[in-house]
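Single-structure report; data block below.
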Amino acid sequence: MNCNPANPKEGGKFDIWEETYPVRFGSIDGSDRLTLDAVFNYFQEAAISHAENLGVGREAMAQTGQGWVLSRLTVLINRRPNYCETVTVRSWPRGGEKLFAMRNFDIRDKDDTPVAAAKSAWIIVDIEKRRPLRPQFIMDQLPQNEGNESLPPEANAAAGLPERDNLKLAAERKALYTDVDYNGHVNNVSYIKWIEDTLNPQLLEKADKMRMDINYLSEILPGENIEILSIEINDDPDYANAFAFEGRKKETGLTAFRAELRFTSL
């Protein structure tokens, strides 16, 4: 089953959304392999297309004054695919947890072996009031995909991240045109690029096995200045390098996001 992202409503509704394509030049770094931010972008596009396919996309939700907002996401990468390698990106809804609507993802290689997987938590908001709504009515209309988990429970994926002490300023960013999406705020993938840009590029190029957890806590609007703070952490023997991050609005001190990135180099 392969779906058509150019026309998501073609071919009826799919419980699991699939797109197959080669890794493009704009999605790799100097190691000739898929970047972390490109993985996030793959998952974002698949989620958007599948929502359209299931009748809960941008326009359909806007007609009822509602919208989707990504709140939490955990991505685990076992292997970074190479340039021109063919991959299949999959996405599917997976029920609800309290105020969250859950959605899973994975990326498979030509041999159908998973090279990356993710679990995400979304909230449905009242667009005008910017307040969360209970997702049950929408979730009842979607495939439940019971038993089809992208990550095991012990991964503790899409969970709330703790506050960290002793964070130090790593970078400052201003939300500019290329960071902002249709919804008028900084796109979720831009956060990942900001985090990547605080690190030594050689570390990222050599990174192989990776885990990124991120909590999106407050939207960042065009023109806002963000302080990105970080600290090196050593709390998981499965990864040689680990960093915690927090993004704070410079003018107010409000926390916009928290993230933790772990990886092991080749």
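In this note's numbering, the protein residues as written are 49 to 314. Don't be surprised by glycine CBs; every beta carbon is placed ideally from N, CA and C.
Terminal residues of the continuous beta strand (DSSP E) containing residue i?
i: Val117; result: Gln114 to Ile125
i: Val135; result: Thr134 to Glu145
i: Ala149; result: Phe148 to Arg156
i: Tyr316; result: Given a span of 49 to 314 for the chain in the structure shown, any question on residue 316 remains unanswerable.
i: Lys57; result: First-last for Lys57: undefined, no H or E at that position.
i: Phe217; result: Here the sequence assigns Leu to residue 217, which means Phe is not the residue at that position. Residues Lys216 to Lys222.
Along the alpha helix (DSSP H) that carries residue i, what are the first and last residues, could you check?
i: Arg106; result: Arg106 to Ala110
i: Ala86; result: Leu84 to Asn101
One question on the structure: do residue i and residue j come within less than 9 angstroms of each other, judged by their Cβ atoms?
i: Leu102; j: Lys61; result: yes
i: Ala169; j: Arg120; result: yes
i: Val135; j: Leu82; result: yes
i: Ala223; j: Gly271; result: yes
i: Arg212; j: Arg128; result: no
i: Phe153; j: Phe91; result: yes
i: Glu40; j: Asp261; result: Residue 40 lies beyond the residue range present for the chain, which begins at 49 and ends at 314; the question has no answer from this structure.
i: Lys257; j: Phe311; result: yes
i: Pro180; j: Asp174; result: yes
i: Ala304; j: Ser278; result: no
i: Lys298; j: Asn282; result: no
i: Leu84; j: Tyr264; result: no
i: Leu269; j: Gly232; result: yes
i: Lys158; j: Glu133; result: yes
i: Asp284; j: Ala290; result: yes
i: Val259; j: Tyr239; result: This sequence places Arg at residue 259; Val is not what is there. No.
Only counting the same chain, and skipping five residues up and downstream in sequence, which positions put a Cβ closer than 7 angstroms to that of residue i?
i: Met187; result: Gly143, Gly144 and Ala149
i: Asp245; result: Ala219
i: Ala205; result: Thr122, Lys167 and Leu199
i: Ala86; result: Ser75
i: Ala165; result: Leu124, Phe153, Asp154, Ser198 and Leu199
i: Trp65; result: Cys51, Ala94, Ser97, His98, Asn101, Arg138, Ser139 and Trp140
i: Gly78; result: Glu253
i: Asn130; result: Val71, Asp80 and Arg81
Going along the chain, which residues of its own chain have a beta-carbon closer than 6 angstroms to the beta-carbon of residue i, five neighbours each way excluded?
i: Ala99; result: Gly105
i: Trp116; result: Trp170
i: Gln114; result: Ile172
i: Asn235; result: Asp229
i: Met109; result: Gly115
i: Pro162; result: Asp154 and Arg156
i: Arg296; result: Glu275 and Thr303
i: Leu215; result: Leu277, Ile279 and Glu294
i: Asn196; result: none
i: Thr68; result: Asn50 and Thr136
i: Pro366; result: A query on residue 366 cannot be resolved here, the shown segment of the chain reaching from 49 to 314 and no further.
Cutting at 8 angstroms between CB atoms, please list the residues of its own chain near residue i, excluding the five before and the five after it.
i: Lys57; result: Glu100 and Asn101
i: Val237; result: Asp85, Phe88, Asn89 and Gln92
i: Gln192; result: Pro141, Arg142 and Gly143
i: Gly59; result: Cys51 and Asn52
Cβ of residue i versus every heavy atom of the ligand FAD: is any distance shorter than 8 angstroms?
i: Ile171; result: The ligand FAD is absent from the structure shown, which contains no ligands of any kind.
Discussion item. So, does the segment 210-230 touch the segment 242-256, judging by three or more C-beta pairs under 8 angstroms?
Written reply: Taking a cut-off of 8 angstroms on C-beta distances, the segment 210-230 touches the segment 242-256, as three or more cross pairs fall below it.
Worksheet item: Quick one: complete alpha helix (DSSP H) runs, 4+ long, within the segment 238-306?
Response: Runs of the alpha helix (DSSP H) inside the segment 238-306: 249-254.
Item to complete: Ignoring anything shorter than 4 residues or poking outside the segment 162-207, list the alpha helix (DSSP H) runs there in chain order.
Response: With a minimum length of 4 residues, the continuous alpha helix (DSSP H) runs that stay inside the segment 162-207 are 184-187.
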